[in-house]
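Anchor point for the sequence shown: position 93 equals 218 in the working numbering, and the numbering is continuous, going up by one each time.
Below is one structure, written out as structure tokens; comments come after it.
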Amino acid sequence: MALGQYHIFLVMSAALLLLNGVSVPAAPEGEIIGGWTLIKNISDPHVQYLGEYAVTAYNEEKGTSLKFKRVISGETQVVNGINYRLDIDMLEDNIVKPPMDKYQAVVYEKIELVSFKPLLD
126 MALGQYHIFL VMSAALLLLN GVSVPAAPEG EIIGGWTLIK NISDPHVQYL GEYAVTAYNE
186 EKGTSLKFKR VISGETQVVN GINYRLDIDM LEDNIVKPPM DKYQAVVYEK IELVSFKPLL
246 D
């Protein structure tokens, strides 16, 4: 297809899409596409696991020994995966008090299908 014909094809295709009412779905009321949404069930075990993971990863990276207590609030953001912005309460043991009682972490989680095939009997 010549370049001029390709350009005409793209313009015609775009016009047909517009005439057929193709549109991008809107975000649910009160939400912004790509924006942050409050996590309603903060005690969800997966949310708590991500908070504990964040503290463990930080400790390994920085050589610290912060102790995870619980996630106290958080938000999610859908991108090419999910960002979790978590407010984390730290545990104070009898020996060491953390420099701060609360921290904020952002954890990126991407779910990707690696394989899918039928099982053979």
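Positions of the beta carbon are idealized from the N, C-alpha and C atoms, including for glycine.
From a predicted model like this one, the values you see are computed outputs, not experimental measurements.
In angstroms with no decimal places, state the Cα-to-Cα distance between residue i and residue j.
i	j	result
D212	G188	21 angstroms
V243	I236	This sequence places Pro at residue 243; Val is not what is there. Those two C-alpha atoms are separated by around 21 angstroms.
G199	R210	5 angstroms
V203	T162	9 angstroms
E177	T201	16 angstroms
S190	Y228	14 angstroms
I164	D246	42 angstroms
V196	D226	12 angstroms
L224	V239	Here residue 224 turns out to be Pro, not Leu, going by the sequence shown. Each residue's alpha carbon lies about 41 angstroms from the other.
N184	F241	36 angstroms
D169	G159	22 angstroms
A182	N166	23 angstroms
V172	E186	21 angstroms
What does the Cβ neighbour count give for residue i, buried or exposed, with the cut at 16 atoms within 10 Å?
i	result
L216	exposed
Y174	exposed
V231	exposed
V180	buried
According to DSSP, is residue i helix, strand or coil?
i	result
E186	helix
V172	helix
I180	Looking at the sequence itself, residue 180 is Val, so the reference to Ile does not match. Reduced to three states, the DSSP call for V180 is helix.
E217	coil
Y228	strand
V203	strand
Please state if the CB of residue j and the CB of residue i are separated by a distance shorter than 7 angstroms.
i	j	result
N208	Y233	yes
D214	K192	no
Taking 7 angstroms as the CB-CB cut-off, is residue i touching chain B?
i	result
S198	Any reference to chain B falls outside this structure, which holds one protein chain only.
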